[in-house]
Amino acid sequence: THHLREDEWKSLARRKLMEFENQLHTAYEAGMVFRFTEGAFESFYKCGVKRVKRDFVDALWSGSHHLREDEWKSLARRKLMEFENQLHTAYEAGMTTYSGQRAWSFINSVIYCLTVVTTIGYGHISPSTTTGRAITIVYAIFGIPLFLILLADFGKLFTRGIKFVWAFVRRVYYTGSCKKVRKTVPVQEVMKGVQMVYDMATFRRPSQLPPGIEMDDNAPPPLPPRVPFTPGDQPATPAPSNFAIDDEFNLPISVAITILLIYIFCGATVFYIWEQWGFFESFYFVFISMSTIGFGDFVPQNQMYMMASIVYLVFGLALTSMCINVVQEKLSDSFRQASAKIGATIGLRVAEEDGSITPVPPIAVEVAEVHGVTMKKPPVMTPYS
């Protein structure tokens, strides 16, 4: 079922894009909730800071006309201490921005929701109220699993798209043409078919054997003669041309890693232009974000750039997931081949489906009669019988 028709894949791609739009719509709605809960809390504390700052300036101005110097200094120290206490209280409550700057704007609230479901978690903005923290927990419980499912599906779509491009490059390399050529059956498969027909033609039942000749049930079947073929019989298109465009993660590791590095370098170049960072800092930000570490030491300051970076990182996470699955698939194949070789040397058979191990029974091999005496060899252990 991994091999789907083209129209089915297009339908799947449209469906996953609609799911991604639904995820963004959910983030918008959750952002409105956080804008209401955390924004009201932020406004309360920042209004208090503004009031204390205004009272401090007014008291200094009114006291400067009729107070002596020592009295004015004492008043200034007292008002300054009140202002510091108010700032400290606001900072402990989670206010880390200037009084004239709104941390929980609508765009920042949506960005916060997207950093939660993507598990990046920059930490540059976080809820300060019990209600906001409880909503974050509920939103993460339902949002993160849905996003991970969507991420896995995007990884499969990326795999199919990259395989399509990879097959096109291979076709151009081997045939020198962009047109899709008609598949030719490799000679090896033709030889298998010829040998199968020969086995069926030479098979004899016990009733068809000449008199006096008995068939040994344990004897191995006779080997058919090999059909010779010359190197010129090899088709123009090599056997690896049967490259299936499906969602199996069997791409070459070098291709997957190269595409991921190109994607990271392109993003680093964009942030180098947008944020006026150094190129290494931009590369560092993209890598930390796509690995979901998310220290938060580098964060885009422009809200629209931040929103665009979240969308860029969503597809980057899908590409990273695809590369991890490709490496995992290659390692699994290597482990299976190594297990099969080790089992063959000690007379065990390792099943490819579930990895179970079964012993291989010995096979008795008979030798032709010599001077009327039938000689038998001891049982021979064969790994594949």
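Quick note: the sequence shown uses the UniProt record's numbering, first residue 1, plus one each step.
Every residue gets a Cβ at the ideal spot worked out from N, C-alpha and C, and that includes glycine.
### Task
Please state if the CB of E82 and the CB of F44 are separated by a distance shorter than 9 Å.
no
### Message
The alpha helix (DSSP H) that contains N325, what's its start and end?
### Response
Q303 to T345
### Task
Quick one: residues in its chain with C-beta nearer than 7 Å to the C-beta of I253, no 5 flanking neighbours on either side, listed in chain order?
V326, V327 and K330
### Query
Distance, Cα to Cα, Y263 vs S289?
13 Å
### Message
Less than 9 Å between the C-beta atoms of V111 and M307, yes or no?
### Response
Per the sequence presented here, residue 111 reads as Ile, with Val not at that position. Their beta carbons are under 9 Å apart, which means I111 touches M307 by this criterion.
### Message
In this structure, how does DSSP classify N250 when only helix, strand and coil are distinguished?
### Response
coil
### Task
Apply the 10 Å Cβ neighbour rule to R54 and answer buried if 16 or more other Cβ atoms are within range, or exposed otherwise.
exposed
### Query
Is the Cβ-Cβ distance between I135 and L251 less than 9 Å?
no
### Query
So H124 is in the alpha helix (DSSP H); what residue range does that whole segment cover?
Run containing H124: none; DSSP gives neither H nor E here.
#### Entry: Separation of A340 from Y312, as counted between CA atoms
42 Å
#### Entry: Residue nearest to T258 in terms of C-alpha spacing, selected from Q276, L319 and L75
L319
### Task
Counting only the same chain and skipping the five closest in sequence on each side, list residues whose C-beta sits under 7 Å from that of D153.
K16
### Residue from G278, F36, S74 and L146 with nearest C-alpha to L60
S74
### Query
Looking at C-alpha atoms only, which residue of H66, Q303 and F142 is the closest neighbour of I107?
Q303
### Message
Just to confirm the assignment, what range does the alpha helix (DSSP H) spanning D70 have?
### Response
E69 to E92
### Query
In whole angstroms, what is the alpha-carbon distance linking R133 and G278?
35 Å
### Query
Taking V49 as the reference, which of L151, I310, Y91 and Q86 has the closest Cα?
Q86
### Message
Tell me which residue opens and which closes the alpha helix (DSSP H) that F285 is part of.
### Response
F279 to M290
### Query
Which value, in whole angstroms, describes the spacing of the CA atoms of A30 and F298?
25 Å
### Query
Can you tell me the Cα-Cα spacing of L151 and F20, whole angstroms?
9 Å
### Cutoff 6 Å; reference G123; Cβ partners in own chain excluding five residues on either side
G296
#### Entry: Under 9 Å between C-beta atoms of E42 and R102
yes
### Task
Go to S109, then tell me how far its alpha helix (DSSP H) extends in each direction, as first and last residue.
F106 to V117
### Query
Is the distance from the Cβ of Q23 to the Cβ of F158 below 9 Å?
no
### Message
I need the DSSP call for G176, collapsed to helix, strand or coil.
### Response
coil
### Message
Considering Cα atoms alone, identify which of L317, T345, I346 and R336 is closest to I149.
### Response
L317
### Beta-carbon gap between E38 and T129 smaller than 9 Å
yes
### Query
For T292, which of I125, G121 and Y173 has the nearest alpha-carbon?
G121
### Query
Looking at the structure shown, is V299 part of a helix, part of a strand, or coil, going by DSSP?
coil
### Query
Considering only C-alpha positions, which residue in the set E275, L261 and T26 is nearest to A140?
T26
### Task
Measure the CB-CB distance between F34 and P145 and report whether it falls below 9 Å.
no
### Query
Is R102 helix, strand or coil when you go by DSSP?
coil
### Pairwise C-alpha distance: E92 and A256
46 Å
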